[in-house]
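Single-structure report; data block below.
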Amino acid sequence: MKIGIVVFPGSNCDMDVHYVFRKVLHTNTEFIWHKHNNLQDYDAIILPGGFTYGDRLRAGVIAAFSPVMKEVKRLATEGKPILGICNGFQILVESGLLPGAFMKNDSLKFVCKWINITVETNRTPFTYGLKLNHQISIPVANQEGRFFADPKTLKTLELNNQIIFKYHNDNPNGSVNAIAGISNMKGNVVGIMPHPERASENILNPFGNNDAILIFKSLLDYMDEQK
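Residues 10 to 236 in our numbering are what the sequence shown spells out, letter by letter.
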């Protein structure tokens, strides 16, 4: 089993994701430079958070045209698990792998705080085995984290069970319907705005739990089941 972590110019959470998989979950991981165009050796792909290309033009839009994204799209078609975290979520949206759009937070400010999200479905590799409505304590850190979708797209997301996570009580960026994470139709491509890699050890969480690591553990359990 091998996890690939894509690194773009401006990525800054790649090392955190690598640490969680390698040191906490003892899983083989490799960094993938954004110009790489062969991902066949990887069982799952993570697009980490950061400020790719300095968020020029729009968060994630330039990275969406990186050579590696053509391969990411191919793997998505093959059904391999792909997770975009924060800026990675924005890249997945800009590349067309996930629907919707991102806007500046309704506060027009960078938001960095701990919040709770609820698990809305366990039909994805990243919520595999998680209980519905389970609450996860997790941090957000973004300025363009407000998810938006038109009514028709929202209805489609709801009907197809593509809303994966919702903010609980506190909607930190004003996302429509408090959406914190969604998936594609197949469920193998998931985007999440909060940062599970920053809450995967008890010492990192001011509330004394590391439930966010269940998102990564779910992926490993899912891939074990697929063998």
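Ideal Cβ placement from N, Cα and C applies to all residues, glycine included.
Counting of Cβ neighbours within 10 angstroms places arginine 207 among the buried residues, the total reaching 16 or more.
In the structure shown, alanine 110 adopts extended strand secondary structure according to DSSP, grouped into three states.
The three-state secondary structure of tyrosine 176, taken from DSSP, is strand. With contacts defined as CB atoms closer than 8 Å, threonine 130 and threonine 136 qualify as a contacting pair.
The C-beta distance from asparagine 197 to arginine 155 rounds to 25 Å, too long to meet the 8 Å contact threshold.
Counting along the chain, the unbroken beta strand (DSSP E) around lysine 11 starts and ends at 11-16.
Around the Cβ of cysteine 121, a 10 Å sphere holds fewer than 16 other Cβ atoms; the residue is exposed.
The closest CA to that of valine 185, considering only Phe157, Thr165 and Ile172, is found on Phe157. Residues of the same chain with a CB within less than 7 Å of the CB of serine 20, apart from the 5 flanking positions on each side, are Pro57, Gly59 and Thr61 in chain order. Following the DSSP letters along the chain, one finds lysine 122 inside the beta strand (DSSP E) bounded by residues 120-128.
Residue pairing by DSSP places isoleucine 191 opposite Ile172 and Gly200 in a beta bridge.
Straight through space, the alpha carbons of cysteine 22 and aspartate 220 are spaced by roughly 19 Å. Annotated three-state conformation of arginine 67 is coil, per DSSP. With a contact defined as Cβ atoms closer than 8 Å, valine 77 and asparagine 46 qualify at about 7 Å. Below 8 Å, enough C-beta pairs join the segment 213-232 and the segment 25-42 to call them touching: three or more. Looking only at Gln152, Asn193 and Ser146, the smallest Cα-Cα distance to asparagine 169 is reached by Asn193.
The Cβ atoms of glutamate 167 and aspartate 64 do not sit closer than 8 Å to each other.
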